[in-house]
Amino acid sequence: QEHTREYKDHKITRYQGITEELSEKVYNKMFGVYGIPMSTVLAEGVRYCAGLDRVYFPVHDYRGYCIGEVLKAANGQKPKVLINKFSIDVPLWHFPLLTVAKYGLSEKLILVESQTSSIKVAEVAPCAALLGTQLSDGVLNQLRQFNLREVVVFMDGDRAGTLASNRIVRQLRPFFSNVEAIRPPAGLDPKDMSYNQIRNII
């Protein structure tokens with residue numbers, strides 16, 4: 747299912763199994779419940795790994811190049827998420843293709859935790875996913891190269907998201923003049939909100 751090669755002290759792993767189109771059942775469970783259209787999901791290159799019972803998300807950089815992959819559990823498997831990075835030299839965070847095509851490197855960028863949230867928020871504003879609650883040095887250094895006027899931190903509405911939001915804002919403030927943290931209603935993620943709710947809060 748996977749191919750691994752040694753690179754110094756690191757392992758570069760890539761899923762080599764067969765992928766197929768999402769079934770209606772998997773789509774409804776993973777995306778439909780959040781009101782994300784099937785056409786948007788397909789345009790992002792999301793597929794299903796039948797052998798692993800995981801949903802395959804390509805990870806794109808700000809130019810739209812595939813730099814990694816996320817294999818998300820469809821039925822509660824552990825670990826919930828498998829992340830494969832294709833190069834140790836490239837910081838791994840995800841730009842939805844809609845962000846790349848519609849907004850490019852605009853002066854504003856919304857940072858969220860998950861790819862699903864980023865796919866939804868990108869319908870409203872330029873967005874990227876940190877693939878977790880950490881802002882790595884590599885991602886921060888890349889952010890500093892962009893001509894950003896405003897960075898908005900939009901983490902999940904749980905305690906971990908609140909703590910991460912505060913920490914990330916502190917990391918960003920020395921480098922950007924306009925850094926803002928916004929929070930969804932308690933217990934919700936950005937992906938749980940309607941498009942109108944996202945517009946209103948952003």
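In terms of our numbering, the sequence shown opens at residue 747 and continues consecutively. The beta-carbon is built from N, C-alpha and C at its ideal position, and this holds for glycine as well.
Going by the CB atoms, is the gap between T862 and A906 shorter than 8 Å?
no
Is it the case that the Cβ atoms of E853 and N893 are separated by a distance below 8 Å?
yes
Quick one: which unbroken beta strand (DSSP E) runs of 3-plus residues sit fully inside the stretch 753-790? Chain order, please.
756-761
Please determine, among A789, V858, V816, the residue with the shortest C-alpha to C-alpha distance to V897.
Out of A789, V858, V816, V858 has the C-alpha closest to the C-alpha of V897.
What are the uninterrupted segments assigned as beta strand (DSSP E) that are 3 or more residues long and contained completely in the stretch 853-900, given in chain order?
Counting whole runs of 3 or more residues, the stretch 853-900 contains the beta strand (DSSP E) stretches 854-858, 873-875, 896-899.
Only counting the same chain, and skipping five residues up and downstream in sequence, which positions put a Cβ closer than 7 Å to that of P936?
V858, S863, K866, V867, F900, P930, I944
Do you know how far the Cα of G822 is from the Cα of Y773?
15 Å
Once DSSP output is grouped into helix, strand and coil, what is the label at Y802?
strand
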